[in-house]
Amino acid sequence: MAPNLQAVELAILGGDARELVLLDSLGRCGAVTKVFGLPVKDGRGVSCSSPIAAVTGVRAVILPVPGVIDEEGRLFGTYLARPLFVDDDLVVRFPPDAPVLVGKARPYLRDLLGRHGLRLVELMELPEMAVLNSIPSAEGAIQMAMERLPVTIHGSRAYVLGYGRTGITLARMLLGIGAKTVVSARNPAQLARAFEAGHGTVPLAVLGDFIGDADVVFNTVPALVLSGDLLSRLKARTVIIDLASAPGGTDFGCADALGLPALLAPALPGRVAPQTAGEILAKAVLETLARELAL
């Protein structure tokens, strides 16, 4: 059941189409949502002229799912007319008892909020949101691969690096449409689970001995795994889709020099399925607000 947010003041800074869906959901629950960096139509929220005006007096601050996208504190926002930086001058205006909700916090944001004693809630740490969000992420990654491969996914050799929530969903979808799917991970238990699910498996430590037959490589590991050495072993024009948080797990400079089409694919749910991704976000935000604000 959705919480009663009647007259509860909230703030949303930045974001994309997902936050527009969230804005609708908050409005239906009675919230007064002040926004900066999002278009406001049909009374869905209160448009503010500055981020400071948006956060003043609110009971919670909602940042975009990707949060800040670099170590300078630049906020993710597809509708922002100019960059917005989350820094000490802005954060000091956050009400001290207001939780700050974000999808995933980079170290910069975590440290910044910690210095000001603010409570951080990372929505992607909620298992249910992470699992549900993996669905549009996987679908979007496959769509990107299909648009760039000269062959069908069916029958192709597809490598999935990492077997966390997104890797599991992606590998299952690839197998379901006929790809010869190979999972590579460090964790033996994950490799065993991937084998049980019907995938080929390769320990990440020896990936270089096998990856040369790949038609497409999907990376979900948030660390540099596709180094220059591994990239040099790929066939010409092997497609790389990197789903890890920026800067990704691929040496993109080396990939470009080798003529390999390598794409970093951040915020895929909001790009390929904004309605579904927005509904997933709204559910997590409403449940979190009910808990954090004791509604």
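Position one of the sequence shown corresponds to residue 270 (the numbering used here), numbered consecutively onward.
Where a beta carbon is used, it is the ideal one built from N, C-alpha and C, also for glycine.
Between residue 555 and residue 317, the CB-CB gap reaches or exceeds 8 angstroms. The C-beta of residue 445 has fewer than 16 other C-beta atoms within 10 Å across all chains shown, which makes the residue exposed.
At the C-beta level, residue 395 and residue 329 stay beyond 8 angstroms of one another.
In the three-state reduction of the DSSP assignment, residue 432 falls in the coil class, being assigned neither a helical nor a strand state. Within the segment 477 to 524, the runs of alpha helix (DSSP H) at least 4 residues long that lie entirely inside it are, in chain order, 497 to 500.
Straight-line spacing of the CA atoms in residue 549 and residue 402 works out to 7 angstroms. Secondary structure at residue 540: helix, using DSSP grouped into helix, strand and coil.
The alpha helix (DSSP H) runs lying completely inside the segment 341 to 385 and spanning 4 residues or more are 357 to 360 and 376 to 384, given in chain order. Cβ atoms of residue 353 and residue 306 come within 8 angstroms of each other, at about 6 angstroms. Take residue 391, set aside five residues on each side of it, and the residues of its chain with a beta-carbon closer than 8 angstroms to its own are 371, 372, 373 and 374, in chain order. Membership of residue 409 in the alpha helix (DSSP H) is indicated by the continuous run 396 to 417. Relative to the Cα of residue 492, the nearest Cα in the group 454, 357, 440 and 295 belongs to 454.
Put simply, the backbone Cα of residue 426 is about 38 angstroms away from that of residue 332. Distance from the CA atom of residue 417 to the CA atom of residue 447, rounded to whole angstroms, is 17 angstroms. Approximately 18 angstroms separates the beta-carbon atoms of residue 369 and residue 349; this is outside 8 angstroms, ruling out the contact. Between residue 405 and residue 302, the C-beta gap is not smaller than 8 angstroms, which leaves the two residues out of contact. The beta carbon of residue 435 is closer than 7 angstroms to those of 403, 406, 407, 489 and 512 in its chain, skipping five residues each way along the sequence. With a 10 Å radius around the Cβ and a threshold of 16 neighbouring Cβ atoms, residue 365 comes out exposed. For residue 296, there is no enclosing beta strand (DSSP E); the residue is found in the alpha helix (DSSP H) stretching over 286 to 297. Taking C-beta atoms under 8 angstroms as the contact rule, residue 540 and residue 409 qualify, at a distance of about 7 angstroms.
Under a 10 Å Cβ-count criterion, residue 423 is classified as exposed, with fewer than 16 other Cβ atoms of the shown protein chains found around its own Cβ.
Its Cα nearest to that of residue 340, the residue 515 stands out among 515, 559 and 275.
Burial is judged here by how many other beta carbons sit within 10 angstroms of a residue's own beta carbon; residue 519 has at least 16 and is buried. Nearest Cα to residue 428 within the set 413, 560, 420 and 449: 449.
When C-beta atoms of the segment 498 to 505 are compared with those of the segment 472 to 487, three or more pairs fall below 8 angstroms, so the two segments count as touching.
In this chain, the beta strand (DSSP E) harbouring residue 331 covers 329 to 331. In the DSSP secondary-structure assignment, residue 425 is not bridged to any residue.
Of all alpha-carbon atoms in 385, 362 and 289, the one lying nearest the alpha-carbon of residue 309 is that of 289. At a Cβ-Cβ threshold of 8 angstroms, residue 480 and residue 443 do not count as neighbours. Annotated three-state conformation of residue 469 is strand, per DSSP.
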